[in-house]
Amino acid sequence: MNWVKIKYFTLALIQRRELIHFLQLPTKGLSRTSQAYYVACDYNSYMRMTKVKLSPKRLEVKIRIPEYPDGMVQLEKNWPNIIDKISRLNFRRYTLSSDKTSDPNYYIIEGTRK
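The sequence shown begins at 615 in the working numbering and counts up one residue at a time.
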């Protein structure tokens, strides 16, 4: 296997982990029997389905859309911060474009190298 492919695969795994931690709602301090805890866990389960593909000339990030309205509102509210986080994770080397309509289950962010 080519070392460049291994490098970008490793970077994609690291970026996926960082992005998931950024997207998840905090559950510390919440009682396990509270409604807020279950809402946060449900939202976080969707955010763990995030996918990142990275190559020298192309970037593709897929963020799973929660199937309940409150989760969709939370994701929409946080959308500009998500775009900025992805850009910063890649040192602003990629020109990003987002597509919210092509896939009914995922919001897709694509980037090409500047």
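Even glycine gets a Cβ: it sits at the ideal position worked out from N, Cα and C.
On a predicted model such as this, the values are computed, not experimentally measured, just so you know.
Per the C-alpha coordinates, the member of 656, 655, 667, 663 positioned closest to residue 704 is 667. Note that the stretch 642–662 does not touch the stretch 711–728; fewer than 3 beta-carbon pairs, one per stretch, sit closer than 8 Å.
Uninterrupted beta strand (DSSP E) stretches at least 3 residues long and entirely within the stretch 637–669 occur at 665–668, given in chain order.
In the DSSP assignment, residue 713 falls within the unbroken beta strand (DSSP E) covering 708–713. By the beta-carbon neighbour count (other beta carbons within 10 angstroms, threshold 16), residue 628 is exposed. One Cα belongs to residue 710, the other to residue 641, and the distance between them is close to 31 Å. For residue 632, the secondary structure class from DSSP, reduced to helix, strand or coil, is helix.
Contact between residue 699 and residue 636 holds, since their C-beta atoms are separated by about 5 Å, short of 8 Å. If you check the CB distance, residue 618 and residue 680 do not come in under 8 Å. Here residue 644 is not near residue 657, since their CB atoms are 8 Å or more apart. Restricting attention to 712, 682, 672, the CA atom closest to the CA of residue 695 is found in 712.
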